[in-house]
Every structure is written in C-alpha cells, then in structure tokens.
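Here is the structure we will look at, set down as structure tokens.
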Amino acid sequence: MAVREFECLDGHTCGNPVRLVVNGGPQLEGETQAERRLDFIRRYDWIRTGLMFEPRGHAQMSGAFLYPSTREDCDIAVLYIETSGCLPMCGHGTIGVVTMALEHGLVTPATPGVLNLDTPAGKVAAQYRMEGDKVAAVTLTNVPSFLYLRDVEAEVSALGRLRVDIAYGGNFYPIVETQPGYRDMADYSPAQLVAMGRELREYLNRHYDIVHPLDPNIRGVRHCQWTGAAKNAGSSGANAVLYGESALDRSPCGTGTSARLAQRHARGLLAVGEDFVHESLIGSQFVGRVLAETRVGDYPAIVPSVQGWARFTGYNRILLDDADPYVHGFEV
Ligand code: PYC
Numbered sequence: 114m115a116v117r118e119f120e121c122l123d124g125h126t127c128g129n130p131v132r133l134v135v136n137g138g139p140q141l142e143g144e145t146q147a148e149r150r151l152d153f154i155r156r157y158d159w160i161r162t163g164l165m166f167e168p169r170g171h172a173q174m175s176g177a178f179l180y181p182s183t184r185e186d187c188d189i190a191v192l193y194i195e196t197s198g199c200l201p202m203c204g205h206g207t208i209g210v211v212t213m214a215l216e217h218g219l220v221t222p223a224t225p226g227v228l229n230l231d232t233p234a235g236k237v238a239a240q241y242r243m244e245g246d247k248v249a250a251v252t253l254t255n256v257p258s259f260l261y262l263r264d265v266e267a268e269v270s271a272l273g274r275l276r277v278d279i280a281y282g283g284n285f286y287p288i289v290e291t292q293p294g295y296r297d298m299a300d301y302s303p304a305q306l307v308a309m310g311r312e313l314r315e316y317l318n319r320h321y322d323i324v325h326p327l328d329p330n331i332r333g334v335r336h337c338q339w340t341g342a343a344k345n346a347g348s349s350g351a352n353a354v355l356y357g358e359s360a361l362d363r364s365p366c367g368t369g370t371s372a373r374l375a376q377r378h379a380r381g382l383l384a385v386g387e388d389f390v391h392e393s394l395i396g397s398q399f400v401g402r403v404l405a406e407t408r409v410g411d412y413p414a415i416v417p418s419v420q421g422w423a424r425f426t427g428y429n430r431i432l433l434d435d436a437d438p439y440v441h442g443f444e445v
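Add 113 to a position in the sequence shown, counting from 1, and you land on the number used in our numbering.
Below is the structure:
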C-alpha cells in the first residue's frame, strides 16, 4: 500500500479551473514532450484520473505538470492533464500555468516578458504583463492552426442533420455554427449541450478519420464547440466547449478559440491582424487574433494568438492513497 503526495497550486483561467502540480509528478521517458506525453498515458494515467476526477477533482478539472524543456528554444515543458485525457495542448491551462508559475517564482524566462513553452503539440510562446507581483494578462502565440475538414455531414438525434467544420488549434474541434436545425447555444441547457456534444463527437469519430498531418498521435475529436451570438459588449461571438464526459469550459477555450480563428480565416471571415473576441458560457472573454499565415503539411494554416488572464486561488496537498477505494477517481 502506497500513499503518493502531490503539491498543487490551484487557480482558474477566466473561470475554468487549473491545478498546477508543482511536486510529486512522475519521471517521464522520451526525447520530446510529445513522447513524454505518450509515456505518461502508458504508465501514469491513474495519476491524471486521481487528481482530476471526483472526489479530488470534478467534471471540469484541468491541470498540468512542469518538466525541464526538451528543446533549446524553450524555458520549460508542460504536460497537460484533464478529465478528457492528456491533451497535446490546453490554452486556458497554459494561461493559468504561466500566471501561477511566474507569480510563485517557479520559472525564470531567458527573455523577460516571454515564457517559451515546450508542449506536446509544439512550441507555444507566452507573453505576459506584470502589475506589481501579479500577472495581469497572458498572450499565447499558439501552435499553427488549420481548418481540417469543411462542411462535414453529421447527425445528432435532437437536431437532425448538421453541417460542421472540423478545425485544429492544438486539439481538433467540430465547430457548430448557426444553420437550419441549430440557431444558437443559448437555446439549450448545459445538460443538452453536453448530451448533444457527446453524440456529435461519437458520430464524427465513427465516420471520419481525423489525424494531425504531422503527428499521428494527435487524432480524433474529444471536444465539441457549440457557437452562438455574443452577449457582452466587445465580444465577436460566443462558444461553449464540451470536454470529458460532462464538462463545459467556463473559459472561452484557448485551443478552441485558435481552431475557430483558423476556420474563420479559411472561410474568408477573418483577416490577418484582425481580432476575434471569444466569449464563454459565463461571459468571460479571450482576445483571439490571426497573427500570420503558414502551412501545416498540405493544409493552409494560421499562427493564432489568444489573450486571457488567470488567478491563483490556493494551495492544495493531495494524497493518492492505495487504501482508498476511490484512489483513482470516478466519473458519474
Ligand atoms: O483552453 O484549450 C483550452 C481547453 C481545452 C479543453 C478545455 N480547455
């Protein structure tokens, strides 16, 4: 019988939780952060479920570990854990990690003002603005993002036939825009968005082979992005992202925002240099921008940026005790 202890900083990014594990993380094998992610999935997924699922976490819980960088051009490496799995990249998670790591003196950027992160999806640069000893805002230059499939046909029992775009922004997202049969996410309860999102992603994973052109280990849709009209002044649009079995992102979702920027740019709806202010289910905002055009394999792509903020909420020492029948957590 063993007891493992994890020292964590808890916080949130625009309302969505971030649990940064600062002590107790496992040693990982791999030459790159993408390989370390696979090693974690193979050998340590029980740590993710123990720290993210009930009774120590909850449906929305999301977190990360820090490691020495595997790349010369990065300050630190990040491994993301969440109720939906061990993601290649998490935008709200990164904003929270950068904020808490800087405020607690856990990292020293080679260049003050920007922290370069080695993530399983690639390099992410985080520019940050300090106000006193607090991080006031973080702007991520995310991994190249692209529209993967356009106008894909799908079926959801409550909505009938749908057409969705599938875009990549560090994870793959089906993006559901206004169309016959679906008007706005505001027409549905959170429970309905969860149920319809689960059905849609299952349908898409059954009917389409969704694989990153440069990394075959990034595949399938684990999320679903429902869109709608913005409610707040200054927002360009709203979205609610499903992840895990029943989580709806309380933040506007960083990788989801990057995917939507790529989708809108590919459809001629958003120019290079233009902002798209994305609003979440609870009205919090990320400022997204298309920084430049690029390519990912054969796909025209963009370099997106996403700006948001995070707050540290407290210290947490979590025990995973083999004597506890729920040591590895559960989902309901
Ligand atoms: O912010 O990228 C994100 C994210 C992914 C899943 C939940 N949030």
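No residue lacks a Cβ here, since even glycine has one placed at the ideal position from N, Cα and C.
Grab the span of the beta strand (DSSP E) containing residue i for me, first residue to last.
i           : result
residue 418 : 412-421
residue 332 : Unbroken run through residue 332: none, as it is neither H nor E.
residue 229 : 227-232
residue 306 : First-last for residue 306: 303-320, but that is the alpha helix (DSSP H), not the beta strand (DSSP E).
residue 266 : 259-269
residue 133 : 129-136
residue 277 : 273-281
residue 77  : Residue numbering for the chain in the displayed model covers 114 to 445; residue 77 lies beyond these limits and cannot be assessed.
residue 181 : No beta strand (DSSP E) holds residue 181; DSSP gives it neither H nor E.
residue 236 : 235-244
residue 343 : Looking at the DSSP string, residue 343 is not in any beta strand (DSSP E), and its letter there is neither H nor E.
residue 388 : 388-392
residue 287 : 285-289
residue 118 : 116-126
residue 450 : As displayed, the chain neither begins before 114 nor continues past 445, which places residue 450 out of reach and without an answer.
May I ask you to report which of helix, strand or coil DSSP gives residue i?
i           : result
residue 398 : strand
residue 295 : strand
residue 365 : coil
residue 171 : coil
residue 439 : coil
residue 355 : strand
residue 325 : coil
residue 408 : strand
residue 140 : coil
residue 430 : strand
residue 372 : helix
residue 451 : Here the chain comprises residues numbered 114 to 445, so residue 451 is not present and cannot be evaluated.
Decide if residue i is buried, meaning its Cβ has at least 16 other Cβ atoms within 10 Å, or exposed.
i           : result
residue 427 : exposed
residue 365 : buried
residue 443 : exposed
residue 391 : buried
residue 346 : exposed
residue 380 : exposed
residue 451 : A query on residue 451 cannot be resolved here, the shown segment of the chain reaching from 114 to 445 and no further.
residue 170 : buried
residue 149 : buried
residue 269 : buried
residue 384 : exposed
residue 330 : exposed
Can you list, in chain order, the residues of its chain whose CB lies under 8 Å from that of residue i, leaving out five sequence neighbours each side?
i           : result
residue 246 : 216
residue 223 : 188, 229
residue 135 : 120, 121, 122, 179, 217, 219
By Cβ distance, which residues of its chain are closer than 6 Å to residue i, with the 5 residues on each side in sequence left out?
i           : result
residue 432 : 116, 118
residue 333 : 318, 323
residue 407 : 257, 414, 416
residue 209 : 124, 126, 131, 423
residue 359 : 172, 307
residue 271 : 309
residue 143 : 149, 152
Could you give the first and the last residue of the continuous alpha helix (DSSP H) run that contains residue i?
i           : result
residue 149 : 146-165
residue 72  : Given a span of 114 to 445 for the chain in the structure shown, any question on residue 72 remains unanswerable.
Identify, in the order they occur along the chain, each residue of the same chain with its Cβ nearer than 7 Å to the Cβ of residue i, setting aside the five sequence neighbours on each side.
i           : result
residue 101 : Examination of residue 101 is not possible in this model, given that the chain is present from 114 through 445 alone.
Near ligand 1, which residues have their beta-carbon closer than 5 Å to a heavy atom?
203, 204, 205, 356, 362, 366, 367, 368
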